[in-house]
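For reference, the structure discussed in these notes is given below.
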Amino acid sequence: TSWPGLFKSAGYRTATVSSFADRHGAWFWLNGFGEVIDPGGRGHEIADDVETPALSWLETHGNEENWFLHLNYWDAHVPYRTPESFGNPFDDEPPLDWLDEEEIERQANLPGVRSAQDTIYYRMRNFNGPRQPKAASSLRDAMEFINGYDCGILYADTSIGHIIDKLESLGIFENTVIIISGDHGEGFGELGGWAAHSFAEPNTMRVPLIMHGPGIEAGTVDENLHHSFDIAARTLTMNGIEIPESWHSCPDKNGRSHVVCSLLAQSVQRGVGFKVEDRFYWYIRSWHDGWHNLPEEMLFNISSDPHLRENLAARLPEITAKGQSFLDEWGRTYSTAHGDPLEEVMSNENPGMTCGINREEYMVRLENTGRGNRKGQP
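Pasting the structure below:
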């Protein structure tokens, strides 16, 4: 019942240009693709490595009926590796309004996986890229992180433009549904995490979604709440393909009352986003916080506090309880036949990707970087 598999069963030619399965040893992920083109970089390739075989595939198959082509760009993923020849288009951008010298100094003293001083610590000691700082220990370093990320996005955007040019040259652009999305966003200091998917928070969990094609009204913005697989389900209905019951999807254009997101790597958390009147709240519960010393429960008003600076859990107990009830309902409703994956991760000796850190070794690192005697040491 995979997304490409359903299209394949409906008679579509399905193909992917991606190294995802090899990078993560996740061969099940290839289920449903009739053709697999692996650029061979294990997630460290650049857009050029994806674009070249994609253009070749389109030249061969683009004018055929009924195909599904998936392209996997990694340029916005750490380590930021946009070629230096691309230049520095964001060098003149001002710092984010909430990141100042005082905030950077505060974060430099925080512990945890992918914290400001540990952005490449834990099994990635040789985590190199031409635009990848080693730490976010100054405002200049912080902006290099953000600019490196933005360069990756722009570099991938440029490549996607070349793909669109090919569709236009083949005369099929207007008849092709194009979906641009991602698997996670990026945190830049929120809750003390840098340049990664550190927490089940909205900056990480909210992903881009741009759609174009027949039946999609140009210029509209959807403010409703959706899960990614809701969008996948909608593409099935657009093409007369039945949605499997096991998807638990909601293809309704009006979206959901709330969205629940899990993070089982670098920390073990669940977050839920929901609206109360005209305010958008995000509730987070931590089972393992990746040694960031976060409260077990957190609540944020995302409408006024998008960078998660004020935990409202104690001040707004009714809304906090609402968020917890959504998580409880999710656990009861959507656990698999094998149980809740979160509980399985927590049963491990070292939950999540924090297993890449030896606790005793990390305590020594905190001592050596001036964080060993600070209040709240993990």
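996 is the number of the first residue of the sequence shown in my numbering; add one for each residue after it.
Built from N, CA and C at the ideal position, the CB exists for glycine as well.
Can you name the start and end residues of the beta strand (DSSP E) that Tyr1278 belongs to? Numbered from its first residue, the sequence shown carries residue 1278 at position 283. Taken as a continuous stretch (DSSP letters only), the beta strand (DSSP E) holding Tyr1278 covers Arg1274 to His1283.
Once the 5 residues before and after Pro1197 are set aside, which same chain residues still bring their CB inside 7 Å of it? For the purposes of this step, residue 1197 is identified with residue 202 of the sequence shown, where counting begins at 1. Excluding positions up to five away in sequence, the list reads Gly1268, Trp1277 and Ile1297.
Specify whether the stretch 1227-1239 and the stretch 1284-1293 touch according to this definition: at least 3 beta carbon pairs, one from each stretch, less than 8 Å apart. no
For Gly1138, which residues of its own chain have a beta-carbon under 7 Å away from its beta-carbon, when the five flanking residues on both sides are left out? On the sequence shown, position 143 is the one that residue 1138 refers to. The sequence shown places Met at residue 1138, not Gly. Cβ neighbours of Met1138 beyond the five flanking positions: Pro1090.
DSSP bridge partner residues for Lys1248 (one or two, in chain order): Locating residue 1248 in the sequence shown gives position 253, where the first residue counts as 1. Partner(s): none; Lys1248 has no beta bridge.
Taking 8 Å as the threshold, find out whether the stretch 1127-1134 comes into contact with the stretch 1090-1106 through three or more Cβ pairs. yes
Assign Ala1021 to one of two classes, buried (16 or more other C-beta atoms within 10 Å of its C-beta) or exposed (fewer than that). Residue numbering aside, residue 1021 sits at position 26 when the sequence shown is read from its first letter. Ala1021 should be labelled exposed.
Residues in its own chain within less than 6 Å of Ile1174 by CB, not counting five upstream and five downstream? Along the sequence shown, read from residue 1 onward, the residue named residue 1174 stands at position 179. Correct list, in chain order: Met1206.
When you compare only the Cα positions, how much space is there between Gly1000 and Phe1028? Translated into the one-based positions of the sequence shown, residue 1000 becomes position 5. Translated into the one-based positions of the sequence shown, residue 1028 becomes position 33. The straight-line gap from Cα to Cα measures roughly 7 Å.
Given that a residue counts as buried once 16 or more other Cβ atoms are within 10 Å of its Cβ, and exposed if not, what is Tyr1007? Numbered from its first residue, the sequence shown carries residue 1007 at position 12. By the 10 Å Cβ count, Tyr1007 comes out buried.
Of the residues His1221, Asp1017 and Gly1180, which one's Cα is nearest the Cα of Val1202? The sequence position of residue 1202 within the sequence shown is 207, counting from 1. Out of His1221, Asp1017 and Gly1180, Gly1180 has the C-alpha closest to the C-alpha of Val1202.
contact_flag[the stretch 1138-1157, the stretch 1066-1085] where n(CB pairs < 8 Å) is 3 or more: yes
Hey, how far is the Cα of Val1012 from the Cα of Gly1036? What you label residue 1012 is simply residue 17 of the sequence shown in a count that begins at 1. What you label residue 1036 is simply residue 41 of the sequence shown in a count that begins at 1. Those two C-alpha atoms are separated by around 11 Å.
Can you say whether Thr1199 is buried or exposed, counting buried as having 16 or more other CB atoms within 10 angstroms of its CB? Taking the sequence shown and counting its residues from 1, one reaches residue 1199 at position 204. Flag for Thr1199 reads buried.
Residues in its own chain within less than 8 Å of Gly1365 by CB, not counting five upstream and five downstream? Taking the first residue of the sequence shown as 1, we reach residue 1365 at position 370. Only Asn1104 meet the Cβ criterion.
Quick check on Gly1371: buried or exposed, where buried means 16 or more other Cβ atoms within 10 Å of its Cβ? In the sequence shown, residue 1371 corresponds to position 376, counting from 1. The predicted model places Gly1371 with a pLDDT of 47, which falls under 50 and marks its position as unreliable; any figure quoted below should be read in that light. Label assigned to Gly1371: exposed.
Quick one: residues in its chain with C-beta nearer than 6 Å to the C-beta of Phe1085, no 5 flanking neighbours on either side, listed in chain order? To locate residue 1085, count along the sequence shown from 1; it is residue 90. Asn1142 and Asp1145.
Can you grab the Cα-Cα spacing for the pair Asp1225 / Asn1067, in whole Å? Numbered from its first residue, the sequence shown carries residue 1225 at position 230. Numbered from its first residue, the sequence shown carries residue 1067 at position 72. Approximately 20 Å between the Cα atoms of the pair.
Taking C-beta to C-beta, are Ser1193 and Ser1299 nearer than 8 Å? Taking the sequence shown and counting its residues from 1, one reaches residue 1193 at position 198. Taking the sequence shown and counting its residues from 1, one reaches residue 1299 at position 304. No, they are not a contact pair.
With DSSP as the reference, label Thr1047 as helix, strand or coil. To locate residue 1047, count along the sequence shown from 1; it is residue 52. Here Thr1047 sits in helix by DSSP.
In angstroms, rounded to a whole number, what distance separates the CA positions of Ala1195 and Gly1266? Numbered from 1 along the sequence shown, position 200 holds the residue referred to as residue 1195. Numbered from 1 along the sequence shown, position 271 holds the residue referred to as residue 1266. Going from the Cα of Ala1195 to the Cα of Gly1266 covers about 5 Å.
Which one of Asp1273, Ile1279 and Arg1251 has the shortest CA to CA distance from Gln1264? Taking the sequence shown and counting its residues from 1, the one referred to as residue 1264 is at position 269. When only C-alpha atoms are compared, the closest one is Ile1279.
When DSSP builds the beta bridges, which residues end up paired with Arg1008? What you label residue 1008 is simply residue 13 of the sequence shown in a count that begins at 1. Beta-bridge pairing links Arg1008 to Trp1062.
Where do the N-terminal and C-terminal ends of the beta strand (DSSP E) with Leu1258 fall, by residue? Along the sequence shown, read from residue 1 onward, the residue named residue 1258 stands at position 263. His1253 to Leu1259 is the extent of the beta strand (DSSP E) around Leu1258.
CA-to-CA distance, Thr1114 to Arg1101, given in whole angstroms: Numbered from its first residue, the sequence shown carries residue 1101 at position 106. Numbered from its first residue, the sequence shown carries residue 1114 at position 119. When rounded, the distance between both Cα atoms is 15 Å.
Looking only at C-alpha atoms, which of Glu1059, Asp1217, Thr1230 and Trp1282 sits nearest to Glu1338? Along the sequence shown, read from residue 1 onward, the residue named residue 1338 stands at position 343. Measuring from the Cα of Glu1338, the nearest candidate turns out to be Trp1282.
Could you check the C-alpha separation between Thr1230 and Asn1061 for me, to the nearest Å? The count along the sequence shown starts at 1 and reaches residue 1230 at position 235. The count along the sequence shown starts at 1 and reaches residue 1061 at position 66. One C-alpha to the other measures close to 13 Å.
Per DSSP, which one or two residues make a beta bridge with Phe1269? By one-based count along the sequence shown, residue 1269 stands at place 274. According to DSSP, which records beta bridges pairwise, Phe1269 is partnered with His1253 and Tyr1276.
Specify, as a first and last residue, the run of the alpha helix (DSSP H) that Asn1198 falls within. Position 203 of the sequence shown, counted from the start, is the residue given in the question as residue 1198. Here the alpha helix (DSSP H) through Asn1198 covers Pro1197 to Met1200.
Could you pull out every residue in the same chain whose Cβ sits closer than 7 Å to the Cβ of Asn1249, ignoring the five residues on either side in sequence? Looking up residue 1249 in the sequence shown gives position 254. Within the same chain, Asn1249 has close Cβ partners Asn1219.
Return the residue from the list Phe1168, Pro1128 and Gly1038 that minimises the CA-CA distance to Gly1057. As a working note, residue 1057 is residue 62 in the sequence shown. Checking every option, the nearest Cα to that of Gly1057 belongs to Phe1168.
Kindly list the residues whose CB is nearer than 6 Å to the CB of Tyr1357, restricted to its own chain and excluding five residues on each side of it in sequence; keep chain order. Within the sequence shown, the letter at position 362 stands for residue 1357. Same-chain partners within the cutoff: there are none.
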